[in-house]
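Okay, so the sequence shown: first residue is 72 according to full-length UniProt numbering, each after it adds one.
Note that beta-carbon positions come from the ideal geometry of N, C-alpha and C, so glycine has one too.
Small disclaimer: the values here were computed from a predicted structure and weren't measured.
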Amino acid sequence: ERSMDPPKIHRLEDSVINRIAAGEVIQRPVSAVKELIENSIDAASSSINVVVKDGGLKLIQVSDDGHGIRYEDLPILCERHTTSKLSVFEDLQTIKSMGFRGEALASMAYVAHVTVTTITKGQLHGYRVSYRDGVMVHEPKPCAAVKGTQIMVENLFYNMMARKKTLQNSSDDYTKIVDVISRFAVHHINISFSCKKHGAARADVHSVATSSKVDAIKSIYGVFVARDLMEVTTSGEDPSSSSFKMQGLISNSNYSAKKMTMILYINVHCLKRAIEVVYAATLPKASKPFVYMSITLPPEHVDVNVHPTKREVSLLNQESIIENIQSTIESMLRSSNSTRTFHTQV
Ligand code: ADP
Ligand code: MG
72 ERSMDPPKIH RLEDSVINRI AAGEVIQRPV SAVKELIENS IDAASSSINV
122 VVKDGGLKLI QVSDDGHGIR YEDLPILCER HTTSKLSVFE DLQTIKSMGF
172 RGEALASMAY VAHVTVTTIT KGQLHGYRVS YRDGVMVHEP KPCAAVKGTQ
222 IMVENLFYNM MARKKTLQNS SDDYTKIVDV ISRFAVHHIN ISFSCKKHGA
272 ARADVHSVAT SSKVDAIKSI YGVFVARDLM EVTTSGEDPS SSSFKMQGLI
322 SNSNYSAKKM TMILYINVHC LKRAIEVVYA ATLPKASKPF VYMSITLPPE
372 HVDVNVHPTK REVSLLNQES IIENIQSTIE SMLRSSNSTR TFHTQV
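See the structure below:
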């Protein structure tokens, strides 16, 4: 009996490596929207407008009024691992931007047609340039532009037929996009956001910059959410281990929705579970809460480098932080329950 010859190992071509990696960063249209909005926020924008066609498969267009992109940087803009936000590994400890990997635009340019229009301060005109597979398809062309950057992502997954097919019949991608923009709008109340379908007259998300978190929630999620919110804050003081600050807005026991809304910054899965448990213990089964919560920790207590899309981060002393937040909510719900009032439906 002859044993099989071992298969030969060879090096994958860059184009294959890049497309595989791109498919991981950009899993669906909503992942592209999230990355583009994060870039606009990192660019200090005060207004971000999104237009979507065919659930994002035909077109995702994000326009902002941020600082724009330098002309000299355009040639490498959509190459992998090119970023203005990180230079040495140690910068990760204190990084304040949402991006730092320099992979998002590159990924989009490997699985879609990307066109960038941008103008920087003091310039008389902007530049427009298109990308394919990470590189410019032509020199940047001078064009008229208002402040900021507009990025168009067209024909997403045109070169990944299987991915495109599984997404084509799913009607909920636009819903996912509206949902993610609504969440950004709750957290970043100093930025105005809008989102609409291509050609539509009306926007499906429309937030105006405000200084009140409750007003922001009212304009995005409606008055029925906003009137039943309690402010919640807690913190851990031990500077060596579990120092953190949390502030949020959570629904009281009068509020009851069919669907749970949890907007968590940072989004820790165990925390989500912990909050669910507290509400489940106080509310009737069918009624779901609304929770907005922003958690601030010393940067050196957060490791953002565990997941490419930052879906997961690890926290130092995660258990004690979650326990603290859980018991704070529990005691608030208990006291809100004892003064339970009933709103009449209008
Ligand atoms: P990262 O955000 O991790 O740096 P990206 O691929 O998302 O990587 O973006 C690459 C770079 O392009 C960013 O570092 C930033 O300098 C620039 N950039 C992307 N989008 C914008 C934008 N909307 N406005 C200004 N600069 C942008
Ligand atoms: Mg980015």
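Assigned with DSSP and collapsed to three states, residue 330 falls in coil, not helix or strand. 8 Å or more divides the Cβ of residue 274 from the Cβ of residue 261. Each residue's CA atom was taken as its position, placing residue 341 and residue 317 some 16 Å apart. Remark: the C-beta of residue 205 is outside contact range of ligand 1, defined as less than 7 Å to any heavy atom. Residue 244 and residue 77 have their C-alpha atoms some 44 Å from each other.
When rounded, the separation of the alpha-carbon atoms in residue 329 and residue 87 is 44 Å. Counting the other CB atoms within 10 Å of its CB gives residue 237 a total below 16, which places it among the exposed residues. In terms of Cβ geometry, residue 407 and residue 278 do not form a close pair [threshold 8 Å]. The chain-ordered list of residues whose CB is nearer than 6 Å to some heavy atom of ligand 2 reads 106, 109, 110, 170 and 175. When DSSP states are grouped into helix, strand and coil, residue 120 belongs to the strand group.
Here residue 361 is near residue 321, since their CB atoms are less than 8 Å apart.
Residue 209 counts as exposed, since fewer than 16 other C-beta atoms from the protein chains shown sit within 10 angstroms of its C-beta. By the neighbour-count definition (other C-beta atoms within 10 Å, threshold 16), residue 270 is an exposed residue. Taking C-beta atoms as the reference points, residue 305 and residue 395 count as a pair closer than 8 Å. Between residue 145 and residue 207, the gap from beta carbon to beta carbon is short of 8 Å. Going by beta carbons, residue 404 and residue 353 fall inside the 8 Å limit.
Taking residue 99 as the centre and dropping the five residues before and after it, the same chain places the C-beta of 127, 238, 244 and 247 closer than 8 Å to its C-beta, in chain order. Taken through DSSP and simplified to helix, strand or coil, residue 130 comes out as strand. Annotated three-state conformation of residue 389 is helix, per DSSP. Annotation: the continuous alpha helix (DSSP H) that includes residue 176 extends over 175–182. Collapsing the DSSP output to three states places residue 148 in coil.
With a cutoff of 8 Å on beta-carbon distance, residue 179 and residue 112 are scored as not near each other.
No residue range can be given for residue 369, since it is assigned to no beta strand (DSSP E) and is classified by DSSP as neither H nor E. Around the beta carbon of residue 172, a 10 Å sphere encloses 16 or more other beta carbons of the protein chains shown; the residue is thus reported as buried. Inter-residue distance for residue 332 and residue 195 is about 45 Å (C-alpha atoms, whole angstroms). At a Cβ-Cβ threshold of 8 Å, residue 177 and residue 219 do not count as neighbours. The Cβ atoms of residue 121 and residue 101 do not sit closer than 8 Å to each other.
Exposure of residue 232 is indicated by the presence of fewer than 16 other C-beta atoms within 10 angstroms of its C-beta.
In the three-state reduction of the DSSP assignment, residue 253 falls in the helix class.
Residue 199 holds the alpha-carbon nearest to the alpha-carbon of residue 142 among 199, 226 and 287.
Residue 172 has its Cβ nearer than 7 Å to a heavy atom of ligand 1. For residue 135, the three-state secondary structure derived from DSSP is strand. Contact between residue 307 and residue 391 holds: CB atoms are separated by about 7 Å, below the 8 Å threshold. Following the DSSP letters along the chain, one finds residue 109 inside the alpha helix (DSSP H) bounded by residues 100–113. By the C-beta density criterion, residue 136 is buried, having at least 16 other C-beta atoms within 10 angstroms.
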